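A.B. asks: I am attaching a structure below and will ask some questions about it afterwards.
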Amino acid sequence: MTKPSALPENNMRCQSLRLIQIRSFQDKTIEPSENLTLITGPNGSGKTNLMEALYYASAGKSFRTSNDGELIRLGEKEGTILLTFTVHHVDQEIKIRLSRENGKKIFINDTPIKRKELVGLFRTVLFTPDELQLIKGAPQLRRRFLDMEISQVSPRYYEEILRYTRAVQQRNAALKNAQFSGKKPDLDLWDMQIAKGACYIVRKRLETISKMNETVPEMEKILTGNKEKLEIRYLQQGSETPRFDMEWYLEQLSSRREEDARFCHTSIGPHRDDCLFLMNDLDISAYGSQGQQRTAILSMKMAEMEFVRRETGEYPVLLLDDIGSELDGARKKALLDFLMKNQVQTIVTGTEILSDGGKIIDLGNNE
Ligand SMILES: Nc1ncnc2c1ncn2[C@@H]1O[C@H](COP(=O)(O)OP(=O)(O)O)[C@@H](O)[C@H]1O
Ligand SMILES: [Mg+2]
71 MTKPSALPEN
81 NMRCQSLRLI
91 QIRSFQDKTI
101 EPSENLTLIT
111 GPNGSGKTNL
121 MEALYYASAG
131 KSFRTSNDGE
141 LIRLGEKEGT
151 ILLTFTVHHV
161 DQEIKIRLSR
171 ENGKKIFIND
181 TPIKRKELVG
191 LFRTVLFTPD
201 ELQLIKGAPQ
211 LRRRFLDMEI
221 SQVSPRYYEE
231 ILRYTRAVQQ
241 RNAALKNAQF
251 SGKKPDLDLW
261 DMQIAKGACY
271 IVRKRLETIS
281 KMNETVPEME
291 KILTGNKEKL
301 EIRYLQQGSE
311 TPRFDMEWYL
321 EQLSSRREED
331 ARFCHTSIGP
341 HRDDCLFLMN
351 DLDISAYGSQ
361 GQQRTAILSM
371 KMAEMEFVRR
381 ETGEYPVLLL
391 DDIGSELDGA
401 RKKALLDFLM
411 KNQVQTIVTG
421 TEILSDGGKI
431 IDLGNNE
């Protein structure tokens with residue numbers, strides 16, 4: 071008996087991106103190639119604007135601003151991002167209409183959807199020079215990194231995050247009201263919801279980190295050739311070894327009620343957790359050189375791609391904004407070799423032409 075032949079290698083593909091009255095563009099369409107595309111042009115020519123639009127179609131928000139109005143071209147009332155892409159051999163179209171008066175509207179194949187339904191349709195992994203913040207910046211950035219990564223492969227996770235966040239806000243509001251009224255707040259219901267959400271979220275985060283830890287050293291090795299031991303560790307508020315059982319969370323929430331009432335906040339839960347990046351068991355934010363931190367983050371992002379592929383069967387689209395300055399020649403080559411070998415669609419921006427091969431889109435030429 072012959073074995074059935076494996077399906078041909080297939081990954082997420084952006085077919086075209088059109089920006090109408092978005093940022094610096096009146097009406098601009100790009101068609102990235104199947105594998106490598108380099109968007110080039112002088113500073114201010116709109117390279118990052120294009121990346122931002124691709125990311126927006128993926129995450130339903132910008133990585134540069136939380137104010138959607140900034141994306142609408144100056145002097146215009148509305149702007150549209152149109153993306154056609156292929157996922158599991160099926161062509162899809164995402165349309166995002168941003169309006170100064172009416173906010174944003176999202177459509178998939180002309181059917182209106184909510185933002186939470188958008189996340190996970192067009193999957194991307196983004197790397198920008200700002201990404202160093204992932205190591206050096208506030209815990210919130212690392213939580214967001216994890217949450218976005220998991221949400222892209224699990225709609226349920228994204229729902230749970232939204233529900234959990236609302237429950238924390240409601241508990242905090244109850245604490246505040248109690249402070250005004252002088253009455254004892256009734257927190258049982260919120261504690262219950264928070265504990266339930268927390269267990270699910272922390273369990274998923276731990277699972278994901280453990281899967282990432284299986285591949286992150288391989289990626290580091292591909293990039294640097296060395297055998298540094300790179301690892302992500304989850305840091306849970308309130309416990310040395312992470313817990314994700316109801317009893318523990320309920321007990322923590324209840325024992326913190328007095329303190330929480332004083333500050334009108336909720337001092338325990340995944341919204342207070344963090345993670346640590348370790349190289350050879352040392353905290354890389356304190357002990358790593360800048361070069362090591364950069365490659366560590368890139369290894370993390372590659373592990374994220376590998377994670378998405380394992381969970382969904384397809385590599386996401388990789389967006390590398392201004393990466394030219396980030397990596398030396400050897401690392402760049404190792405990275406591109408890996409991406410081409412795995413047929414990952416990769417969109418790179420830079421001021422100079424840095425690759426051999428690949429499609430070049432030159433924004434300086436006003437084509
Ligand atoms: N809402 C907007 N309307 C018009 N132009 C904008 C808007 N937002 C940004 N720009 C312009 O976009 C340009 C920056 O584009 P960007 O993609 O960051 O350039 P780069 O090619 O250097 O990455 C600037 O010239 C800026 O003035
Ligand atoms: Mg830029």
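When the count follows the numbering used here, it moves up by one through the sequence shown with no breaks and lands on 437 for the last residue.
Quick reminder that beta carbons are idealized off the backbone N, C-alpha and C, glycines included.
In this text, all values refer to a predicted model and were calculated from it rather than measured experimentally.
(1) If you measure from each residue's Cβ to the nearest non-hydrogen atom of ligand 1, which ones come out under 5 Å, in chain order?
(2) Between the C-alpha atoms of S86 and L141, what's the straight-line distance to the nearest angstrom?
(3) Measuring alpha carbon to alpha carbon, tell me which of D261, Y304, T336 and V414 ends up nearest M316.
(4) Buried or exposed: where does T181 fall if 16 or more other Cβ atoms within 10 Å of its Cβ makes it buried?
(5) On a CA-only basis, which of G190, M282 and E328 is nearest L257? Give me that one, please.
(6) Identify, in the order they occur along the chain, each residue of the same chain with its Cβ nearer than 6 Å to the Cβ of T421, setting aside the five sequence neighbours on each side.
(7) For R326, which residues does DSSP report across the bridge?
(8) Residues in its own chain within less than 8 Å of R273 by CB, not counting five upstream and five downstream?
(9) Can you find a heavy atom of ligand 3 that lies under 6 Å from the Cβ of E376?
(10) Give the secondary structure of V387 by DSSP, where H, G and I count as helix, E and B as strand, and everything else as coil.
(11) Counting beta carbon pairs with one atom in the region 106-115 and one in the region 427-436, are three or more of them shorter than 8 Å?
(12) Cβ atoms of I354 and L204: under 7 Å apart, would you say?
(13) Short of 6 Å in beta carbon distance, which residues of its chain neighbour R88, apart from the five on each side in sequence? Order them along the chain.
(14) Note down the Cα distance separating G139 from I166, rounded to an integer number of angstroms.
(15) Near G308, what residues of its chain come up, given a Cβ to Cβ distance below 8 Å and the 5 sequence neighbours on each side ignored?
(16) Can the beta-carbon of R185 be found less than 7 Å from the beta-carbon of G130?
(17) Taking the alpha-carbon positions, what's the G427 to M82 distance?
(18) Would you identify the three-state DSSP class for P74, choosing helix, strand or coil?
(19) Check the C-beta distance from Y234 over to I264 and give it rounded, since I have them as a contact under 8 Å.
(20) Among K206, E219, M289 and E310, which has the Cα closest to the Cα of R275?
(21) By Cβ distance, which residues of its chain are closer than 6 Å to E101, with the 5 residues on each side in sequence left out?
(22) Given 8 Å as the limit, is there contact between the region 366-384 and the region 278-285, that is, 3 or more CB pairs closer than that?
(23) Report the CB separation of L202 from Q363 in whole angstroms; it is logged as a contact under 8 Å.
(24) Quick check on the DSSP output: the alpha helix (DSSP H) that includes S251 runs from which residue to which?
(25) Between S132 and T194, which are expected to be in contact by the criterion C-beta below 8 Å, what is the C-beta distance as a whole number of angstroms?
(26) Going by Cα to Cα distance, which pick from F155, A331, T150 and I178 is closest to K253?
(27) What are the residues that DSSP puts in a beta bridge with P199?
(28) Figure out for me which residue from G383, I90, L191 and Q413 has the closest Cα to the Cα of L221.
(29) Determine the DSSP secondary structure at I92, reduced to helix, strand or coil.
(30) What three-state label does DSSP hand R167 in the structure shown?
(31) Pull up the distance between the alpha-carbon of E298 and that of K291, whole angstroms please.
C.D. replies: Taking the coordinates as given:
(1) R93, S94, N113, G114, S115, G116, K117, T118, N119, R143 and L144
(2) 19 Å
(3) D261
(4) exposed
(5) E328
(6) none
(7) R326 is not bridged to any residue.
(8) Residues of the same chain with a CB within less than 8 Å of the CB of R273, apart from the 5 flanking positions on each side, are F314 in chain order.
(9) Questions concerning ligand 3 fall outside what the structure shown contains, since the ligands it does hold are ligand 1 and ligand 2.
(10) strand
(11) yes
(12) no
(13) Cβ neighbours of R88 within its own chain (closer than 6 Å, five residues either side excluded): T99 and L152.
(14) A straight line joining the alpha-carbon of G139 with that of I166 spans about 13 Å.
(15) Q322 and I338, listed in sequence order.
(16) In contact: R185 and G130 (Cβ atoms closer than 7 Å).
(17) 20 Å
(18) Note on P74: pLDDT 45, under 50, position unreliable in the model; no value is reported.
(19) 7 Å
(20) Cα-wise, what sits closest to R275 is E219.
(21) S86
(22) Output reads yes: the region 278-285 touches the region 366-384.
(23) 6 Å
(24) Unbroken alpha helix (DSSP H) run through S251: P225 to S251.
(25) Between T194 and S132 the Cβ distance is about 13 Å, and since that is not below 8 Å, they are no contact.
(26) A331
(27) Answer is none; P199 lacks a bridge partner.
(28) A quick correction: the sequence has Ser, not Leu, at residue 221. The shortest C-alpha separation from S221 is found at L191.
(29) strand
(30) strand
(31) Roughly 8 Å between the two C-alpha positions.
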